[in-house]
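Colleague:
Number of protein chains: 2
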Amino acid sequence: MDYDAYRPGVLLDLDGTLVDSVYQHVVAWSEAFQARGYEVALWRIHAAIGMGGKVLVPWLLGRHVDDAEELSDDHRRRFLDRAEELRPTRGAAALVDDLERRKVSFRIATSAESDVREALLDALGRSDLASADADDVGAAKPAPDLLLATCAELDVEPEDATLVGDSPWDAEAARRVGIRTLAVRCGGFGDDRLLSAGADAVVDDPQELLGRL
Amino acid sequence: MDYDAYRPGVLLDLDGTLVDSVYQHVVAWSEAFQARGYEVALWRIHAAIGMGGKVLVPWLLGRHVDDAEELSDDHRRRFLDRAEELRPTRGAAALVDDLERRKVSFRIATSAESDVREALLDALGRSDLASADADDVGAAKPAPDLLLATCAELDVEPEDATLVGDSPWDAEAARRVGIRTLAVRCGGFGDDRLLSAGADAVVDDPQELLGRL
Numbered sequence: 284m285d286y287d288a289y290r291p292g293v294l295l296d297l298d299g300t301l302v303d304s305v306y307q308h309v310v311a312w313s314e315a316f317q318a319r320g321y322e323v324a325l326w327r328i329h330a331a332i333g334m335g336g337k338v339l340v341p342w343l344l345g346r347h348v349d350d351a352e353e354l355s356d357d358h359r360r361r362f363l364d365r366a367e368e369l370r371p372t373r374g375a376a377a378l379v380d381d382l383e384r385r386k387v388s389f390r391i392a393t394s395a396e397s398d399v400r401e402a403l404l405d406a407l408g409r410s411d412l413a414s415a416d417a418d419d420v421g422a423a424k425p426a427p428d429l430l431l432a433t434c435a436e437l438d439v440e441p442e443d444a445t446l447v448g449d450s451p452w453d454a455e456a457a458r459r460v461g462i463r464t465l466a467v468r469c470g471g472f473g474d475d476r477l478l479s480a481g482a483d484a485v486v487d488d489p490q491e492l493l494g495r496l
Numbered sequence: 284m285d286y287d288a289y290r291p292g293v294l295l296d297l298d299g300t301l302v303d304s305v306y307q308h309v310v311a312w313s314e315a316f317q318a319r320g321y322e323v324a325l326w327r328i329h330a331a332i333g334m335g336g337k338v339l340v341p342w343l344l345g346r347h348v349d350d351a352e353e354l355s356d357d358h359r360r361r362f363l364d365r366a367e368e369l370r371p372t373r374g375a376a377a378l379v380d381d382l383e384r385r386k387v388s389f390r391i392a393t394s395a396e397s398d399v400r401e402a403l404l405d406a407l408g409r410s411d412l413a414s415a416d417a418d419d420v421g422a423a424k425p426a427p428d429l430l431l432a433t434c435a436e437l438d439v440e441p442e443d444a445t446l447v448g449d450s451p452w453d454a455e456a457a458r459r460v461g462i463r464t465l466a467v468r469c470g471g472f473g474d475d476r477l478l479s480a481g482a483d484a485v486v487d488d489p490q491e492l493l494g495r496l
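Protein chains in written order, with my numbering: chain A, 284 to 496; chain B, 284 to 496.
1) For A:Arg390 versus A:Leu437, is the C-beta distance shorter than 8 Å?
2) Could you list which residues in chain A have their beta carbon closer than 7 Å to that of B:Asp483, in chain order?
3) Between A:Gln317 and chain B, is any beta-carbon pair separated by less than 8 Å?
4) Tell me which same chain residues have a C-beta within less than 7 Å of the C-beta of A:Arg361, skipping the five on either side of it?
5) Which residues in the same chain as A:Val460 place their Cβ atom closer than 7 Å to its Cβ, once the five residues preceding and following it in sequence are excluded?
6) Check distances from the C-beta atoms of the stretch 351-368 of chain A to those of chain B and list, in chain order, the residues that come in under 8 Å.
7) Below 8 Å, can you find three or more Cβ-Cβ pairs linking the stretch 339-347 of chain A to the stretch 390-399 of chain A?
8) Cα separation between B:Val387 and B:Arg359?
9) Please tell me whether A:Ile328 and A:Val309 are closer than 8 Å, where the distance is taken between their beta carbons.
10) Grouping DSSP H, G and I as helix and E and B as strand, with all else coil, what is B:Leu294?
11) 8 Å is my cut-off, CB to CB: does A:Val310 come that close to chain B?
12) Name, please, each residue of chain A whose Cβ falls closer than 8 Å to the Cβ of B:Glu314.
13) Could you confirm whether any beta carbon from chain B is found closer than 8 Å to the beta carbon of A:Gly473?
14) Residue range of the alpha helix (DSSP H) that B:Ser388 falls in?
15) Taking 8 Å as the CB-CB cut-off, is A:Tyr321 touching chain B?
16) In this structure, does DSSP put A:Gly470 in helix, strand or coil?
17) Within 10 Å of its beta-carbon, does B:Val302 have 16 or more other beta-carbons around it, so buried, or fewer, so exposed?
18) Starting from A:Ala331, find everything on chain B with Cβ-Cβ shorter than 7 Å and list it in chain order.
19) In three-state DSSP terms, what is B:Tyr289?
20) For B:Ala324, would you say it is in contact with chain A, using Cβ-to-Cβ distances shorter than 8 Å as the test?
21) How would you call A:Gly299, buried or exposed, if buried means at least 16 neighbouring beta carbons within 10 angstroms?
22) Using CA atoms only, rank isn't needed, just tell me which of A:Ala324, A:Asp357, A:Asp356 and A:Leu363 is closest to A:Leu344.
23) Touch check for the stretch 361-376 of chain A and the stretch 406-423 of chain B: three-plus C-beta pairs under 8 Å?
24) Candidates B:Leu478, B:Arg458 and B:Ser397: which alpha carbon is nearest B:Lys424's?
25) Since B:Gly345 meets chain A, which of its residues come closer than 8 Å, beta carbon to beta carbon?
26) Can a CB atom of chain B be found closer than 8 Å to the CB of A:Thr498?
27) Once DSSP output is grouped into helix, strand and coil, what is the label at A:Pro441?
28) Near B:Tyr289, which residues of its chain fall below 8 Å by C-beta distance, leaving aside the five closest residues on each side in sequence?
29) Any idea if A:Ala435 is buried or exposed, counting beta-carbon neighbours within 10 angstroms, 16 or more meaning buried?
30) So A:Asp449 and A:Val467 are in contact, right, with Cβ under 8 Å, and what is the actual spacing, rounded?
31) Hey, would you say B:Asp475 sits closer than 8 Å to A:Asp483, going by beta carbons?
32) How close, in whole Å, do the beta carbons of B:Ala376 and B:Leu407 come, if the pair is a contact with beta carbons under 8 Å?
33) With A:Gly333 and A:Asp453 assumed to form a contact (beta carbons below 8 Å), what rounded beta-carbon distance in angstroms separates them?
34) Looking only at its own chain, which residues have a Cβ that is under 6 Å from the Cβ of B:Glu401, when we skip the five neighbours before and after it?
35) Shorter than 8 Å from the beta carbon of A:Val305 to some beta carbon of chain B?
36) Can you tell me whether A:Arg385 is buried or exposed? The criterion is at least 16 other CB atoms within 10 Å of its CB, across all chains shown.
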């Protein structure tokens with residue numbers, strides 16, 4: 284495929300895409316569910332990662348529960364307890380450097396809460412990178428609100444933008460508004476799920492994208 | 284498909300198939316690698332789960348290392364530290380009960396080390412179930428040695444046996460010797476990988492197999 288076609292605006296998912304954080308999220312959610320007596324299989328939690336927390340809990344439990352916010356808070360605490368384990372995905376820092384060097388217009392697009400976002404940017408070694416605050420932009424992924432807000436910040440039309448993301452929810456949100464998605468495998472999602480959610484191509488990780496955006 | 288065709292001998296993988304343990308293994312391996320200065324992406328560790336530990340380490344690192352045994356031991360300790368979190372997969376205990384009630388000949392086929400095997404059987408609530416000792420039967424999955432040894436214990440020919448397993452390495456080992464594989468998704472492996480490794484069918488979890496083996 285022609286990666287040059289994906290300029291001029293690049294949206295970068297953070298969790299799972301630039302930072303190797305999906306499995307820590309899975310385990311932190313599982314612990315939070317177990318602590319409150321909910322039994323949720325870990326593969327199903329993995330399948331939900333990438334959704335905003337407000338959507339993930341009812342999606343996994345099949346209903347709204349009164350302690351959804353406590354669940355999310357507990358997950359966040361447990362995830363942040365593992366912050367020292369977080370590492371950038373292969374090529375993540377180099378990809379950001381490359382976009383900057385070539386003056387490609389890009390922005391982080393994450394629905395992570397602010398403390399999680401800070402921990403992730405810290406792990407990436409790029410605490411200076413700005414992003415829209417997910418809480419300010421409306422519904423979480425797979426709703427496209429955050430992606431549209433980020434396009435507006437970049438001053439690009441959605442059809443001129445490319446999202447780099449690791450989860451089917453990234454691809455689905457992007458497809459809804461005509462943003463193209465380059466998916467990375469490093470979040471542990473299968474090619475079939477990424478492609479059926481609307482990803483335009485799938486590569487291993489940011490290293491494989493380097494210099495091609 | 285005709286599940287009845289899969290009798291008379293059933294081999295049950297344990298880790299990830301009857302017990303929801305794959306993500307705990309991924310995190311435990313990641314911690315063990317990090318503690319010794321190896322950087323391995325978590326999605327690649329996930330992709331290797333289901334291999335025996337002796338095969339997994341060189342496969343992931345791309346070379347043989349002197350501290351492979353220490354790595355495996357460290358992983359095992361970290362995994363066992365999380366043993367309290369382990370839960371059966373959906374329908375796992377009921378599937379075993381069902382096979383017993385209908386007098387279908389079956390046996391656990393796991394390459395887990397004995398202490399891990401005990402923790403898993405404990406989580407399943409079936410410490411009484413016997414299995415071949417992986418250390419006694421030769422090479423680990425994806426080599427078929429363990430499966431062949433288990434067939435011999437059951438006194439069935441490989442072509443009359445069915446393996447229920449969650450990983451591509453189960454399916455690959457089975458295919459090599461003509462054992463059919465019913466794969467379950469609850470280990471978090473994608474359908475495409477399971478099918479391309481040789482699985483004959485893919486279902487969510489043991490619950491979905493109940494009464495059909």
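For every residue, glycine included, the Cβ atom is placed at its ideal position computed from N, Cα and C. For clarity, every value in this text was computed on a predicted model and none was experimentally measured.
Modeller: This is what the structure holds:
1) Position 107 of the first sequence holds residue 390 of chain A. Position 154 of the first sequence holds residue 437 of chain A. Yes, the pair counts as a contact, with Cβ atoms nearer than the cut-off.
2) Locating residue 483 of chain B in the second sequence gives position 200, where the first residue counts as 1. Identification of chain A residues near B:Asp483 by a Cβ-Cβ cut-off of 7 Å yields none; the smallest Cβ-Cβ distance measures about 18 Å.
3) In the first sequence, residue 317 of chain A corresponds to position 34, counting from 1. Closer than 8 Å: yes.
4) Taking the first sequence and counting its residues from 1, one reaches residue 361 of chain A at position 78. Excluding positions up to five away in sequence, the list reads Ala311, Glu314 and Ala315.
5) For the purposes of this step, residue 460 of chain A is taken as the residue at position 177 of the first sequence. Within the same chain, Pro427, Leu430, Leu431 and Pro441 come within 7 Å of A:Val460 by CB-CB distance, once the 5 residues on both sides are set aside.
6) Glu368
7) no
8) To locate residue 387 of chain B, count along the second sequence from 1; it is residue 104. To locate residue 359 of chain B, count along the second sequence from 1; it is residue 76. Take the alpha-carbon of B:Val387 and the one of B:Arg359: they are about 33 Å apart.
9) Here residue 328 of chain A refers to the residue found at position 45 when the first sequence is read from its first residue. Here residue 309 of chain A refers to the residue found at position 26 when the first sequence is read from its first residue. Yes, the pair counts as a contact, with Cβ atoms nearer than the cut-off.
10) Counted from its first residue, the second sequence places residue 294 of chain B at position 11. If DSSP states are grouped into helix, strand and coil, B:Leu294 belongs with the strands.
11) In the first sequence, residue 310 of chain A corresponds to position 27, counting from 1. Chain B contact via Cβ: present.
12) Along the second sequence, one-based indexing puts residue 314 of chain B at 31. Residues of chain A with a Cβ closer than 8 Å to the Cβ of B:Glu314 are, in chain order, Glu368.
13) Counting from 1 along the first sequence, the entry for residue 473 of chain A is found at position 190. Chain B, which has a Cβ nearer than 8 Å to the Cβ of A:Gly473, makes this yes.
14) Start at 1 with the first residue of the second sequence, and residue 388 of chain B comes out as number 105. Looking at the DSSP string, B:Ser388 is not in any alpha helix (DSSP H); the run it does join, the beta strand (DSSP E), is Ser388 to Ile391.
15) By one-based count along the first sequence, residue 321 of chain A stands at place 38. No - not a single Cβ of chain B is within 8 Å of the one on A:Tyr321.
16) Here residue 470 of chain A refers to the residue found at position 187 of the first sequence. Helix.
17) Locating residue 302 of chain B in the second sequence gives position 19, counting from the first residue. By the neighbour-count rule (16 or more Cβ atoms within 10 Å), B:Val302 is buried.
18) Within the first sequence, the letter at position 48 stands for residue 331 of chain A. Within 7 Å Cβ-Cβ: nothing; A:Ala331 doesn't reach chain B, min ~12 Å.
19) Numbered from 1 along the second sequence, position 6 holds the residue referred to as residue 289 of chain B. The predicted position of B:Tyr289 is uncertain, since its pLDDT is 49 and thus under 50; no value can be drawn from it.
20) Counting from 1 along the second sequence, the entry for residue 324 of chain B is found at position 41. With 8 Å as the cut-off, B:Ala324 counts as an interface residue toward chain A.
21) The residue given as residue 299 of chain A occupies position 16 in the first sequence. Per the 10 Å Cβ criterion, buried.
22) Your numbering for residue 344 of chain A matches position 61 in the first sequence. When only C-alpha atoms are compared, the closest one is A:Ala324.
23) no
24) Here residue 424 of chain B corresponds to residue number 141 of the second sequence, with the count starting at 1. When each option's Cα is compared against that of B:Lys424, the closest is B:Arg458.
25) By one-based count along the second sequence, residue 345 of chain B stands at place 62. Per Cβ cutoff of 8 Å: no residues; B:Gly345 is ~13 Å from chain A at best.
26) Residue 498 of chain A is absent from the model: chain A starts at 284 and stops at 496.
27) Stepping through the first sequence from its first residue, residue 441 of chain A is reached at position 158. It is helical.
28) Translated into the one-based positions of the second sequence, residue 289 of chain B becomes position 6. Residue confidence for B:Tyr289 is low, a pLDDT of 49 falling below 50, so the modelled location carries little weight; the figure read from the coordinates is stated next. Correct list, in chain order: Thr445, Arg463, Leu465 and Leu496.
29) Translated into the one-based positions of the first sequence, residue 435 of chain A becomes position 152. Under this definition A:Ala435 is an exposed residue.
30) Start at 1 with the first residue of the first sequence, and residue 449 of chain A comes out as number 166. Start at 1 with the first residue of the first sequence, and residue 467 of chain A comes out as number 184. At roughly 5 Å, the Cβ-Cβ gap stays under 8 Å, so A:Asp449 and A:Val467 are in contact.
31) Counting from one through the second sequence, the residue named residue 475 of chain B turns up at place 192. Counting from one through the first sequence, the residue named residue 483 of chain A turns up at place 200. Not in contact: B:Asp475 and A:Asp483 (Cβ atoms no closer than 8 Å).
32) For the purposes of this step, residue 376 of chain B is taken as the residue at position 93 of the second sequence. For the purposes of this step, residue 407 of chain B is taken as the residue at position 124 of the second sequence. The pair is a contact, with the Cβ atoms about 6 Å apart (cut-off 8 Å).
33) Translated into positions along the first sequence, residue 333 of chain A becomes position 50. Translated into positions along the first sequence, residue 453 of chain A becomes position 170. The pair is a contact, with the Cβ atoms about 6 Å apart (cut-off 8 Å).
34) Locating residue 401 of chain B in the second sequence gives position 118, counting from the first residue. Result list for B:Glu401: empty, nothing under 6 Å.
35) In the first sequence, residue 305 of chain A corresponds to position 22, counting from 1. Yes - at least one Cβ of chain B is within 8 Å of the one on A:Val305.
36) Counting from one through the first sequence, the residue named residue 385 of chain A turns up at place 102. It is exposed - the Cβ of A:Arg385 has fewer than 16 other Cβ atoms within 10 Å.
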